[in-house]
Structures are given as C-alpha cells and as structure tokens.
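Participant:
Protein chains: 2
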Amino acid sequence: MNHRLSGLLEPRSVALVGASDRSSWSTRINEALDVIGFDGQLFLVNPKGGTAHGTEVHRSVHDLPVVPDLAYVMVPSAAVLPAMRDVAAAGVKNAVVLSSGFAEMGEEGRAVQEELAELCRTHGMSVLGPNSLGYVNIAARTALKPFPPGEELRSGSVAIASQSGNVTIQLMNMARSFDVGLSFAVSTGNEMDVNLADVVDFLAQDAATSVIAVFAETFQDPSAFLAACRRARDADKLVVCLKVGRSEAAARAALAHTGSLVGNDAVIDAFLRAAGVVRVSSLEDLLVVADTFAHTGPVDGGLALLTLSGGTCDIVADLAEDLGLVLPDLTPGTVGELGALLPDFAVAHNPLDVTGAAVADAMLFGNALEVVARDPGIGIVVAAQEIDHQAENVAWGRDAVRHLSEVAAASGTPTILVNTTVRHLSPRVREIRRELGVPAVFGGVDRVLPAVHAIQGWTRDRHEVAPRHLPTLTLEAPPTGTWSEATCRPLLEQAGVPMVPGVVVPTAAEAARAAAGWDDPTAIKIVSDDILHKSDVGGVALGVASADVEERAARMLVDVRAALPDAAVQGLLVSPMRPDGVDLLVGVVREPGWGNVLAVGLGGIWAEVMQDVQRLALPAGPSEVEQALRRLRAWPLLEGARGTEPVDLGHLTDVIVRIADLSLALGEDLAAVEVNPLRVRGGVVEALDVAVVWSA
Amino acid sequence: MNHRLSGLLEPRSVALVGASDRSSWSTRINEALDVIGFDGQLFLVNPKGGTAHGTEVHRSVHDLPVVPDLAYVMVPSAAVLPAMRDVAAAGVKNAVVLSSGFAEMGEEGRAVQEELAELCRTHGMSVLGPNSLGYVNIAARTALKPFPPGEELRSGSVAIASQSGNVTIQLMNMARSFDVGLSFAVSTGNEMDVNLADVVDFLAQDAATSVIAVFAETFQDPSAFLAACRRARDADKLVVCLKVGRSEAAARAALAHTGSLVGNDAVIDAFLRAAGVVRVSSLEDLLVVADTFAHTGPVDGGLALLTLSGGTCDIVADLAEDLGLVLPDLTPGTVGELGALLPDFAVAHNPLDVTGAAVADAMLFGNALEVVARDPGIGIVVAAQEIDHQAENVAWGRDAVRHLSEVAAASGTPTILVNTTVRHLSPRVREIRRELGVPAVFGGVDRVLPAVHAIQGWTRDRHEVAPRHLPTLTLEAPPTGTWSEATCRPLLEQAGVPMVPGVVVPTAAEAARAAAGWDDPTAIKIVSDDILHKSDVGGVALGVASADVEERAARMLVDVRAALPDAAVQGLLVSPMRPDGVDLLVGVVREPGWGNVLAVGLGGIWAEVMQDVQRLALPAGPSEVEQALRRLRAWPLLEGARGTEPVDLGHLTDVIVRIADLSLALGEDLAAVEVNPLRVRGGVVEALDVAVVWSA
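Chains as they are written, first to last, in this note's numbering: chain A, 1 to 696; chain B, 1001 to 1696.
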C-alpha cells in the first residue's frame, strides 16, 4: 500500500529511542516485537550507548547504518525535544512519541508540544502522539505498543482506533478474551499531528482491515474524519464508533427552538450517520458490531434465526420487535423443505426452533440452516445455541457444530454462530473453534441482533447523497445579526419556499387597507430585526377581525415601543390567518467544522416538550427527508391519523429540501435558519414565520 | 424451613423411578447427585429390577425400606401414569416428572396430563412437571436436574426459576461461566401443579437465597405470583424477571383510548413493578442484576464509581445520563481527603479517575475507595478497572486487587469490583478470585450500572401501597354493556371527582333553556348508552353560541336518529364550554387475574399518536400518581412550560386517585372506566367526559 502514513504505520526499519534494560517500556516493546514476530530492521538508540536486551545500543540515530523508517521515542518528557531534534536531523520522517507530559498536562506542556509540532512541521515528519501508547499492526507483524500479556492476539480484520490509550487496552483485552481477530490497534494520544481522521483514512485502504472500530473523545477535524469514513464506506468497510461526551453536550442558544433541539451530540449523530458510521454506546457493542461485520460483510436481505429452544425464540421475537428488526416469513418452498426435515411438532417459522430433535440428530441443525440460507428473502442467518458448551462437552454437540461450520462455510448467505448468551471461552473451546473453523461471533443474541440490524441499515443506506443544485440568492441586507420574518421573506421566495402572503406596511391605517384584501381574520406582527421573540413584547396579534385591524395595529406599535424603546421598528407585517393544520418546525443550524444540520419536528409547544425531532446532515434529498419524517413519533398525524388530513408528502419533502438548500446557499456566515411553523394541511404547505441568524 | 414445598425441594430421601444403566437421563442424574454430594437416602426403582449405576434396583416404590420424600420419574411418557400410580399408592407425597409428551404435545397429551393431575390431587401430592428438567438445590446439595458438564457450580445466593428447561440450562451455564454463585435452579415445565408462584414463594423463605431470577413465558396465576413476589420483597429479597411474549401482546379494544394504551404487556409491567419485581429484557441482565444484588443487598444512597481511565469516566458519565442515574457530588470533606491521596493533576469528582498513578502505587485505588465509601451521600461504590487482567498478569495489579478486596470487605458501604467491559474468566482468574475474596460482579459497567440503578429504585420503592378507603357507590343501572357520560355522572359525583356541570334534557327547546343558565358557548352531546363514539355520528357539538343551541340540538337529534335508527336515545346532555387547558386521559382497565391498572397521559390525538402514557397498578396513592405524572414526557406542560399555567399538583393527583378508587369500588364486573379529557388548568381539574364499560 502507498499511503502517506505507510512509513509511520508499516515501517520496515525502526529505531527505539530511549532503549535500555532499565526501562520497563523498552523491555515491553522489545517483548511485544518479539512475540508478534517483527521481521524488519530494529535498532536501539540511547545516548549512553552500551547494550540493551542483548543487542548493541547506538548513541544517536545518526550512527545507524540506514535512515530508519520510524523512530519510537520513549525518553523522559524533558528529553523528548532533544531526542526528536536528533531524529529529525537524521532525516527520519516518522515518529511515535510515547512520552507523556505535554498538552494533556496543561499550559506549560502545551507550549512544549507546540515547539515539538513546529520542529516536525519543519522537517515534514508524521508523528503519532505524544502521550500515545503507539500501535500494533498485526497484519504487518509490527508491535509498537507495549501490549500487555494475556491471551493470544489473533490476526483478523477488525481495526481499533482510539484516542484513549487505556480504552485501546480494554478493547484489545476484550478482543483477545473473546477471540476477536484484529488487524490493527492504535492509540492516537494527544494528536499533535496524526489524528483519528488520518488513521481511519489509512485503514480505509489497509488490505487487512474490513471494519474499523473507533473510540473518540473529540474530533480534531470533523470534516476530515467524515471524509475518511466515507472513503471507508466506498471501500465496503464499516466504521463503528463510540463517541463519548454526550452528557456534556451544551445546548446552543442560536435560536430558541432549533438551538435547543440541535444539541451538539445530536449534530454529531446526524453527521456520523450520513457518513456511513454506525454509532454505538458501549465498548461491548463497538466490538460486537465489528466482530459481526468481520464475519458477514454487507448484509443485503432479511435475518433468519435458528435455535433449539422455544424460550430463545420468544426472547429473540421480543428483541426484534424492540429493535424494529423484521424477521421475514419464510417462503412456502422453504417451509415445505423444513417440514420434511423437522419433527412433526416443530413449526417452520422465523425464528426457527429446530427443537430438541437436534440432540438425537446432530446433522439436523446444519441441514435446517442450509435450507433457510437458500430462502430468497434471507440475507443473513444466525444460529443461536449453546455452541461452545456443546462443542466442548457433548459428542453430538461437537458433531453438530462441525456440520454447522461446514454448511456456513459453503453457504452463499452470510452465516454466523452465536452462543445464546455471552459466554466465557475456555482454552479448549478456543482450540475447537480453530480446529472446526467455527464462524462464531461473541456477545450473545442480545448484542448480536442489534449488530445485525445496524449492519443491515448500513448496507441499505450506504449511498452518497447527490450534491444539491442550490438556489442563487440576492441578500437585501448585510448578513449580520438576526433577520426577522419581513427581511427573510425574499430569501424564501428565491428558494421557492411557499409562504403565507404578507405585506409590510408603515402605519396602522395601511394595515387595515392591506387586511381588506383578504377574508377575515388577519395576523399582525411587528417588523424589527432587533426583536426575535415578537410575542414576548406584544408584537404579535392573531385572528384579528377586519373591523379591528387598525385599532389593534396601532396598539401594537405603542406597546412595542413602550416595551423596547431602542428597537428599530420598520413597520407591521400583515397576513391572512390560515386554517389549522399540523405545524412543523423546520430549522437548520450551521455547525462549524461539521456543516449544516436540519432539524424537523412538531412545532409549537410540542417541539421542546415532547422532543419529537429528527435531524439530518445536509445536503439531503427528498428520500432522506421522507425517512426523517417517518421516524417522527408524530408521523401518524402527517399520514392522517385521528382525523387529520393526510399531507401531500411529495410536496412537503420538496419544501423541506428547499429550506435545506436555502441554508446551504446562505454560505458560511449562517448560524441558523428556522421556519416555525411550517403549516401543513393536506396539499397545502406554507411557512407562517421564518427567521435567520448570522454568525457575525 | 417448613414450607409446603419443603418435601419436594429439600427431600432427604429420593427414589429415582426409571433408573437404568441404559438411560442417559438416569446416568446423568446419578452423576449430578454424586458431583453435588447429595447425602440423603437414594433409591433406584425400575420394574425390571437388577442393578444400575452399581447399586440395587427395586422393582417398585412399595419395596423401599422407607417411604421416600420424593419420587423422580423419568420413564417413557406412556409409562408415567402407571409409575405415578405406584408412587402415589406407596404414599409418596412429592414427585418430579421429567418425562415429556403431555400438554406441550397438544390435545391428546393434555388429556393424559389431566388424568395425571387428577391422580395427584386425589393423593395430595405436590408435583413438579411433567416436562420439567427438575431442579438443583445447591445449598441442600440436591441435584434432581441432569446439569450438564462444564465449569464448577459455585454455591451462592442467586436462585433461578424458569419455565423453560433450556433457558434454565443457559442461565446455569452463564452463571458457571462467569462464576456467579447459585443457591437454586429449577425448571417448572408444564406447571401441572407446582408453578412459578409456588417456587418464588418457597424461595422467599429459603435461607440460602437472597435474590430470585425468574424467566417466565406466561403466569398461570398472576395474583399468586405477585403475592409471592411481595413476600420476597418483605424478606428483603429482590425478584428480577425476564417475561417474554411482549411482541405478541394483543392490544385490547374495551375502550378506544385506554384499551389501545394498556397493552397486555404494559399491564404486566405495571403489576410487576408494584410488587417489587425488577423487569429486564435479556438473560444477561437477569443474571447481572441478580449477581449484583447478591453482592450488595438493598442500596440506600448514591453511586460512586472509581476507575483509572479518563475514557472509562466519559463512558460512565454518558451511560449514567442515559439511565437517569445520578452520580452525586462528593462532599468537600471527601474531596479534601482525595486531594491528599491523588496526584496533583487528578480531579476529585464522581466518577473518579484515580489516574495511572495507581500503577506506581498499588494501594492508591483501595485507599481512594475507602475515602469515597465513607462519604455520607454514597450508598454503593463500584470500582471499575481491568481487575481480572491486572490480578492475573501484573504484580502491582494483584496487590491492588487484594487491597481493594480487603477494603471492600471492611467497608460498611456495599462495594463491588467490575471489569470495565465483560471479560472472559481464565481458570487462573477463578483461582485468584477465590484466594483474594474478590467481590467481583460480572457484566462490565454497561450492564452493572443499569443493575445498580434498578437496585436503587427497588430499595427506594419497596413499600407496600396502603389499602385505599373506597367510595360507597349506588349504581343507577344494571352493570352491563357500556355506560355513556350521562349514566356515569352520578358515579363520579359519589367518588368526589369534579365534573363540568351538565344537564340532561329531552328536547332541543329545553336544551336552549338550560344553556341560558351559563355564559356562551355551550357543548351539546347525545345521550345514549348504545353510542360510545358520539362524535362519529354527529352526536357532539362544541362551542355552540346560545342563540344557536335550539337549532343545533334539534339537528343533532335528527342526524343521530338517521345514522343509528336502532340506538335508544335518552336525550341531550348540555354543558358549558370550558377554556382550554392541558387535556389528560385517565383510564382504568380491569385485567382479569391481575387487577386494575390505571393509564394516565395526554388526551386527545396526542394520547395515541405520541404514546405518552404511564401505567400504574392499583391501588395507588397520591405519591405513586405523582411519580407517574412526572414520568410523562409531557410533564413540563403540567409544570407550566411554554406559557401554560402550572397545575395544582395536589389537587390533580387527588382527582386521579379518586378515579382509581372509583374503578376499584366498581368491583369485578368492571372492564374499564375512562375520563377523557380530564381538563387541567391551574387549580381547576374537571372531567369533561367519561365512560364505563362492563365486562358482562
């Protein structure tokens, strides 16, 4: 592979700077390289010279016979800068800095780290760390991470990328504990130079890796991270991510409604989803999704689950219902074939209980699996039983697991075996799994079923949203502060968003004349870009009869001037009242570093109280918007539940896409745009109010 | 112990009926009894006589030197009845019937089972099964279940009671896999006689059991089961239950709203909660909650979590936020003491990262734990780290785990250690755990934190709701069919439930006269117990101006007669219209076998669309009702969010309790009562409509 991080992550020659028999890091790295079987060139460097780990120690990187691909720096923090100067001067282009004591320690450390960064930039070096535990490239048999003793590190296609060194160790220990095969594990530490985005980008092209498990505390460069994730998706690799820090996500105050609805974490959720990232909320799920995908790859089709326990079938049915995971009916052909195989009292449905008859006939489970895997509606088969226990302890179980594994290997449909619940792995079970080639996934049905569901969704949604053709806009005012409805109306018009008619008038008398142009009643609103919450200062009057318009408008002007004497009032906006409908809130917030995110939900008091909001990273097309609407709890109201008129869904999604495109066309100065309410009544979709907030 | 099931579940003498060297069941039961060290009297019985398992075989139970406490029957299904006749005639009072081929096989099997049941009733026998895998009473060293080979069955205080034999084995395997100590495990099979309720009742009094884990497919006798659970709670034992079959729960149609809101499964949820049962949705959670409680007992106070990884702190903080689990702030005294212990860069908050300094000072973790456990706000301490890995693989880790275990044992605050993620148990780790007495709970923080949260809630809520003083009612019509608002109004009055004023009148002219008694506008509804959905047939007119009442009332009578010519119309109900407020739906459904369950939520279209409903088993008092209201997503509306007037919560809960008490006073013929809407506006709480449905 030829990636800009190849030298860093696939070095053929390595200098261990700070090597010493007295350093436990040095000892452990040497052990790790030995255990993994590193077959490149290895040099030890220490200004003191002598020998370490039974090998000659060079006094400087300059003394080495070749310029190594990479320097692994594990000297005390105060010695890092001199050591790195030596490394850089020798022409080494890649380094891992294990040493801590930098930005993570506060202001002073941050200054030293900046000096280090400057040195590396000057010399064009790629650096992992500082304060990084390094990495293990299992496929390349390179261990530049002192991985702790314990179970064997099995080679496989799951890559781990984590900002936390401790979490990397937890994940590696869990993987080894449950026999999950790894291709790569890295801790990015302080991310002075190389960050998660760079690593994911590398792994997206790494031949040994089929799935990338990411633990993130923060994203240094969100758009680079998302781009790397999309590159992984394009290479048919799944990125699964545990992003922490949800509970500290600050709600933003850009606009009353959209701001509180688009929390920081929800924004991240929407962008990760759009980039094809499966987000999970535990380290176990992170590894189970990765392990499952490493066995299945993309899953195109329904899930069939086989077991030999009625109780497990019940558990699976409930779990599937909770997840919204459909267990498709088997075709009559499949049912017929199963009928011929299974005992009379068995029922050939999905999930399938092959019954205890599998104890008497060890081939039964595998034979049933073979039939189900051929069903045209089935895209993945999960065999859930006490596989490890049976293979280890009972003769029929061993035969059954062997047969199951053979059938799974020969099947064109991805097929995995899973213990019904999470289960300890005895040394004997590890052996049996290797010997029989058991396609076992860890985690039990309770974690594997959600993983399968996520993989199905990922497979279905892994298309790129086409770039949008954006409207051309003319701004009638400078893009600063807050624009209220009257100022925003031309924007909506240019974007093709239908609005309730509205006339801006300077006086109460002209308001009355304007209101005479339509049937009763009328809405009157104060026009002022200085007033965002008009109703709080008496600046909104709804349902005013035509006879009362002039008096009511006059009173409003007095009230508002009394309440906010400094606000610049441009006049009154007069509109006809509209019949009731379903009121939606459609807002877009621009999240610096990420992009624009759309929030859509019920408007009015329901938006905030019921928190029934869906979010979409932009750009998004009509199908994404429709899916978001269908995910709302209030969706039945749009469909016409409880006596409401069904909406024209095509028209509604078109209007929402236009609002989204408008937000994109408003450029980088935008903070937020909010249409609230967007009134929907059958085929009529109209913005009744709108505001734009600029970041400047 | 002296329980009516003592002879069945703690026998001192057992006859194995059907014993034979050729029967694998017989062989496995004998092995299991041998492994567990059964020290009571054991007799083998088989009509063929001879020897089996190296021991004499008696031809009949009559030939035994004593009447055994229990017969374990494992003959072919056709031979069960004759064998049981022999057993019964010999005066044996308890039997376990392993054999299958009864009710679970359909009609024919059901008939044989009924014959068997009759035999047992006649002889006053207690029978477990048929189609039961039997039980293991670990504390009494009695294994009447062929438990499969594998890890050691460790003695502890977790009891397992399951209807599914296969699930019992899964749970036992999981417990053995993760070193969870068991007191008891039973499969109740077909529950011809002894059912889950009986077993829980026994375990509630079993000295060796501190927590009861139940797997249920259906409850034969719900009220007996709930009573047994309450008995367990009274003995400070937690019952944790996985009840499957949620996805098949049929919504009931008794009343349009309440019926669809009170699904079968939600009813079970409410009743289990009221009886102190913690409900979970996976076998893993079932065992983790049980294992945790076995270590902690009731937990009265906040959770403190210690770890040595910042990443784990972030994960824990997010998880706690999702669960609504509060990690209380530590007191200044605790913070001060920790400050003296921990390195300068550590921050003394909860969750607490003791930092990597714990590697250099093996006592640090335990010392920090000791300080935190003394904090007055802390009721439980969880130490989350790589305990098993560290104890097995590194010297400081072993010292640290030993010290942690000593500190935990000496602490007055329940303290558990948990691997950060679920982890495999090597044989060496098992040894270390025994040697050091490590209070380790399995499952990782992702399962243990929810378990702790559930145990905290159980501890807080484990009071009995006081029996209610019910109103005395006079029914003015026979309790059959459906009663509409006019018929129900006297009931509400007798129960002290405030209603909007209403007058029933026979004619449109009298409607107009009644409406003259209050300000505009008026509501008119048709009065007919034959019409439940009045608005569907034009039987409701709202907001009618006084001038229009007579004409509108006359039209209603015509419209309804045209739509439903056979409906008996008693007249018109005329009421004043009320100002808008928050509309609640308050309904009660009587669930045969379980009791009455209250549903409360937003009324109108929101009830069904948003599914924002809470359910409470009755009786319930004001504090239970208040807690239910606070659990509604719409709760902020009642508190006065978004400009609504805050409700008088005391008055509202009082009215809801009165509706609940009314439903109880209506007795066993009630199917449902529904107040919809109950309009709430500040201090005003009024029923605007009500209906009662009777079961006959």
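The beta-carbon is built from N, C-alpha and C at its ideal position, and this holds for glycine as well.
#1: Using three-state DSSP, classify Q1163 (chain B) as helix, strand or coil.
#2: Taking DSSP's pairing of strands, which residues face Q614 (chain A) in a bridge?
#3: Taking the C-alpha atoms as reference points, what is the distance between L1153 (chain B) and P1222 (chain B)?
#4: Quick one: is P677 (chain A) near chain B, going by C-beta distance under 9 Å?
#5: Select from the region 421-445 of chain A all residues with a C-beta closer than 7 Å to any C-beta belonging to chain B, and list them in chain order.
#6: Which residues share a DSSP beta bridge with K93 (chain A)?
#7: Taking Cβ positions only, does G1156 (chain B) come closer than 9 Å to chain A?
#8: Just the chain B side, please: which residues come within less than 7 Å of Q170 (chain A) by C-beta, in chain order?
#9: Which chain A residues sit within Cβ distance under 8 Å of T1312 (chain B)?
#10: Please list, in chain order, the chain B residues whose beta carbon lies closer than 8 Å to that of V609 (chain A).
#11: At 4 residues or longer, what runs of the alpha helix (DSSP H) sit wholly inside the region 631-684 of chain A?
#12: Whose Cβ in chain A lies nearer than 7 Å to the Cβ of N1190 (chain B)?
#13: Per DSSP, what kind of secondary structure is M1499 (chain B) in: helix, strand or coil?
#14: Contact defined as beta carbons within less than 8 Å: I believe I1455 (chain B) pairs with F1225 (chain B). What is the distance between those atoms, to the nearest angstrom?
#15: Chain A beta carbons: is any one of them nearer than 9 Å to that of A1251 (chain B)?
#16: Kindly list the residues whose CB is nearer than 8 Å to the CB of T1068 (chain B), restricted to its own chain and excluding five residues on each side of it in sequence; keep chain order.
#17: Looking at C-alpha atoms only, which residue of B:D1529, B:I1531, B:P1565, B:R1513 is the closest neighbour of A1553 (chain B)?
#18: Please confirm whether A317 (chain A) has its beta-carbon closer than 9 Å to some beta-carbon of chain B.
#19: Going along chain A in order, which residues have a C-beta closer than 9 Å to the C-beta of H1533 (chain B)?
#20: Is P1351 (chain B) closer than 9 Å to T1420 (chain B) when the C-beta atoms are compared?
#21: Cβ of G1106 (chain B) less than 9 Å from any chain A Cβ?
#22: Check the Cβ-Cβ distances between R1615 (chain B) and every residue of chain A, and say whether any is below 9 Å.
#23: Do you know how far the Cα of A1095 (chain B) is from the Cα of V1087 (chain B)?
#24: Tell me where the alpha helix (DSSP H) around V1429 (chain B) begins and ends.
#25: Assuming G543 (chain A) and P521 (chain A) are in contact, meaning their beta carbons sit under 8 Å apart, how far apart are those beta carbons, in whole angstroms?
#26: Can you tell me whether S1024 (chain B) is buried or exposed? The criterion is at least 16 other CB atoms within 10 Å of its CB, across all chains shown.
#27: Is there a Cβ from chain A that is less than 9 Å from the Cβ of L1584 (chain B)?
#28: Who are the Cβ neighbours of L1473 (chain B) in its own chain at under 8 Å, not counting the five residues just before and after it?
#29: Figure out for me which residue from B:T1507, B:K1145, B:S1187, B:R1374 has the closest Cα to the Cα of V1549 (chain B).
#30: Helix, strand or coil for T487 (chain A)? Go by DSSP, reduced to three states.
#31: Residues in its own chain within less than 6 Å of A1408 (chain B) by CB, not counting five upstream and five downstream?
#32: Does the CB of L1242 (chain B) have a neighbour CB from chain A at under 9 Å?
#33: Give me the residue from B:V1127, B:S1187, B:L1238, B:D1375 with the minimum Cα distance to L1216 (chain B).
#34: Using only the alpha-carbon positions, how far apart do L1417 (chain B) and A1617 (chain B) sit?
#35: Give a yes or no on contact between the region 178-187 of chain A and the region 229-242 of chain A, applying the rule of three or more CB pairs nearer than 8 Å.
#36: What does the alpha-carbon distance come out to for the pair S1006 (chain B) and N1173 (chain B)?
Facilitator: Judging by the given coordinates:
#1: coil
#2: A:V600
#3: 32 Å
#4: no
#5: T421, V422, R423, H424, L425, G444
#6: According to DSSP, which records beta bridges pairwise, K93 (chain A) is partnered with nothing at all.
#7: no
#8: E1386, T1420, T1421
#9: N166, V167, Q170
#10: R1633, A1634, P1636, L1637, A1641, R1642
#11: 635-639, 649-665
#12: By Cβ distance, chain A contributes nothing, its closest Cβ being about 13 Å from N1190 (chain B), past 7 Å.
#13: strand
#14: About 21 Å; that fails the 8 Å criterion.
#15: In this prediction, A1251 (chain B) scores a pLDDT of 35, lower than 50, which makes its location untrustworthy; no coordinate-derived value is stated.
#16: Note that residue 1068 (chain B) corresponds to Pro in the displayed sequence, not to Thr. Around P1068 (chain B): P1011, S1013, V1014, A1015, Q1041, F1043, V1061, V1092.
#17: B:R1513
#18: yes
#19: Going along chain A, no residue has its Cβ under 9 Å from H1533 (chain B), so there is no contact; the nearest lies around 12 Å.
#20: no
#21: yes
#22: no
#23: 8 Å
#24: 1427-1436
#25: 5 Å
#26: exposed
#27: no
#28: L1491, Q1494, A1495, L1662, A1665, L1666
#29: B:T1507
#30: helix
#31: T1415, P1439
#32: yes
#33: The residue you asked about is not Leu; residue 1216 (chain B) is Ala in the sequence shown. When each option's Cα is compared against that of A1216 (chain B), the closest is B:S1187.
#34: 36 Å
#35: no
#36: 26 Å
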